[in-house]
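Below is one structure, written out as structure tokens; the observations come after it.
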Ligand SMILES: Cc1cc2nc3c(=O)[nH]c(=O)nc-3n(C[C@H](O)[C@H](O)[C@H](O)COP(=O)(O)OP(=O)(O)OC[C@H]3O[C@@H](n4cnc5c(N)ncnc54)[C@H](O)[C@@H]3O)c2cc1C
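Here it is, written out as structure tokens:
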């Protein structure tokens, strides 16, 4: 007799949705989280009179009541919709390219995207229409062949899928367009994946344009912490247990099967299944242990590369956003149009105008997000964790504030008044992300998402009986994919428990 049906390690999006679904369907669940709040990246923290959103800039997959996206149904099923209020954003993004003195805002509506781009790039008018027509047709085929696993998938039925699914974004851009500025203007979502257009799977770019235009980008009142709290409530209201400040030190494996876990406090707790929201590296190397790692996993881990972490400035401003020139919720900032160089700059500790950045402001669409008359801004750039690991501890604080200063200097020509209105500021480095998430080198995107690492080539399997993985290390990162991953894992467990 085991203590629980399922033990879940980590209360990130994946762990929380897995726990909520399992508890709601009657499985006995224990969720263990090393931090003192639920959410992982999907959390908030307070400084002064501000409650800062840690991660969520644009939530995909929600859709409206009239046109629901895949995520809306999942959240409804988990009884959290009634506790949450979603805020629809009215910009897809604004892109600013300093070397070209260029800026443009796109709205989350495909016909407006096409119109706006055609006005700004009249010499590419037909190509723009052809490209977005193609993108929609292609992605419709991706949905059928890849997401819905159509058993009749064939090159005859899904010709675009077979021709383009393994192409890079750059290859497709080059097929349709001549103007390098236009290619840069439609590329910013590569920063949501962490690979520049030359490496990024075109399917990922198509998914984001299609998803955000059809189902719109959202934020929510109370930020992502409200969502994490609501999911945690579903677990406890359905007799599930959550223990915070309780990291897992070991997954017990006997005869290639999980038997339970050992907590950092030395408690041994048994279960039929273990679901891990910790990184895949931590799960196998630290928790399962070298003696039990299957050969196939060692090969997988050896051929994967850990993705970027983030360098983030969380700023509380003493004014409304328009006072400092912020007029859109999501703003991508590039030094120039060379995205490969921007990617290389992510391997360097210091920050300069080559760094790709995204500046998010929630108060434009939700004026109650910050205290009256104030607003908050998150300024993010992706950085690999390694350079930060070699900073000696006694130099860490100086280095962190030096980089924060460099970051503000980069955006100063675009937002000259911003620095004068900072009331509170907190700086997160890859070391901060490592501390709060427990992931190697503080990666916020799991492994790099090269085409060879997609489920086309590596199925999402943990190769130890009773062990399942959820979250950004077993698939794509982002709120929608990680929330979905929890439900997929829960369904698999429920089937094996005979409850579904
Ligand atoms: C700055 C930033 C901006 C982002 N912007 C967006 C955005 O706009 N839109 C979007 O869709 N996505 C965005 N993301 C990505 C998104 O937040 C993440 O992909 C998602 O939240 C990750 O969820 P996860 O399930 O992988 O869990 P994680 O958030 O990685 O959490 C894992 C949890 O497991 C816990 N854990 C680890 N090891 C152990 C252990 N041994 N024992 C117990 N607990 C353990 C950790 O403490 C943590 O709570 C952003 C992320 C960041 C950091």
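In the numbering used here, the protein residues as written are 717 to 1216. Backbone N, C-alpha and C fix where the C-beta goes; we use that ideal spot for every residue, glycine too.
Only counting the same chain, and skipping five residues up and downstream in sequence, which positions put a Cβ closer than 8 Å to that of residue i?
i, result
"residue 762", "768"
"residue 984", "968, 976, 977, 978"
"residue 764", "1032, 1139, 1140"
"residue 1194", "776, 908, 1188"
"residue 1205", "730, 734, 991, 1184, 1185, 1186"
"residue 816", "897, 1052, 1053"
Which same chain residues end up closer than 6 Å to residue i when comparing Cβ atoms and leaving out the 5 residues on each side of it in sequence?
i, result
"residue 1155", "995"
"residue 744", "720, 721"
"residue 1131", "1040, 1041"
"residue 874", "857, 861"
"residue 799", "946"
"residue 1059", "912"
"residue 935", "803, 1078"
"residue 1009", "1000"
"residue 1030", "768, 1094, 1142"
"residue 1115", "1107"
"residue 819", "812"
"residue 795", "950"
"residue 1254", "No statement about residue 1254 is possible, as the shown extent of the chain runs from 717 to 1216 and does not include it."
"residue 885", "913, 916, 918, 921"
"residue 954", "739, 740"
"residue 821", "807, 810, 1044"
"residue 746", "720, 723, 957"
Could you tell me how far apart the beta carbons of residue i and residue j are, in whole angstroms, since I believe they sit closer than 8 Å?
i, j, result
"residue 755", "residue 940", "6 Å"
"residue 992", "residue 718", "No, residue 992 and residue 718 are not in contact; Cβ-Cβ is about 17 Å, not under 8 Å."
"residue 1255", "residue 1106", "The question about residue 1255 has no answer, for the chain in this structure spans 717 to 1216."
"residue 827", "residue 931", "With 8 Å as the limit, residue 827 and residue 931 do not qualify as a contact, their Cβ atoms being about 16 Å apart."
"residue 1073", "residue 1097", "5 Å"
"residue 926", "residue 852", "6 Å"
"residue 944", "residue 1144", "Going by Cβ atoms, the distance from residue 944 to residue 1144 rounds to 18 Å, so no, they are not a contact pair."
"residue 1051", "residue 739", "Rounded, the Cβ-Cβ distance is 48 Å, inconsistent with contact."
"residue 824", "residue 933", "6 Å"
In this structure, what does DSSP give as the bridge partners for residue i?
i, result
"residue 959", "748"
"residue 819", "812"
"residue 1144", "1028"
"residue 1181", "973"
"residue 768", "761"
"residue 964", "979"
"residue 779", "784"
"residue 723", "746, 990"
"residue 1033", "1091, 1138"
"residue 1022", "1163"
"residue 804", "934"
"residue 884", "917"
"residue 985", "977"
Identify, in the order they occur along the chain, each residue of the same chain with its Cβ nearer than 7 Å to the Cβ of residue i, setting aside the five sequence neighbours on each side.
i, result
"residue 1208", "1184"
"residue 1201", "730, 1186, 1187, 1190, 1191"
"residue 844", "830, 833, 834, 837"
"residue 871", "878"
"residue 1056", "912, 914"
"residue 1013", "1000, 1179"
"residue 1102", "1157"
"residue 752", "960, 961"
"residue 1124", "1135"
"residue 952", "958"
Kindly indicate if chain C contains any beta-carbon less than 8 Å away from that of residue i.
i, result
"residue 905", "Among the chains in the structure shown there is no chain C, since it carries only a single protein chain."
Q | Sufficient close CB pairs (3 or more, under 8 Å) joining the segment 726-745 to the segment 894-903 | A | no
Q.
At 4 residues or longer, what runs of the alpha helix (DSSP H) sit wholly inside the segment 1046-1099?
A. 1055-1061
Q: Mind the definition here: the segment 872-882 touches the segment 896-912 only if three or more C-beta pairs lie below 8 Å; say whether that holds.
A: no
Q.
With three or more beta-carbon pairs closer than 8 Å as the criterion, would you say the segment 1016-1027 touches the segment 1145-1163?
A. yes
Q. Should the segment 784-791 be regarded as contacting the segment 1059-1077, the criterion being three or more beta carbon pairs within less than 8 Å?
A. no
Q. Three or more C-beta pairs closer than 8 Å, one from the segment 795-811 and one from the segment 955-967: is that the case here?
A. no
Q. Contact between the segment 1119-1134 and the segment 994-1013: three or more CB pairs below 8 Å?
A. no
**Q.** Uninterrupted alpha helix (DSSP H) stretches inside the segment 818-860 (no shorter than 4 residues)
**A.** 826-836, 841-858
Q. Which residue spans inside the segment 887-952 form an unbroken alpha helix (DSSP H) run of at least 4?
A. 896-901, 918-931
(Q) Please give the ranges of any alpha helix (DSSP H) in the segment 1098-1135, keeping only runs that are unbroken, at least 4 residues long and fully inside the region. (A) 1102-1105, 1109-1127
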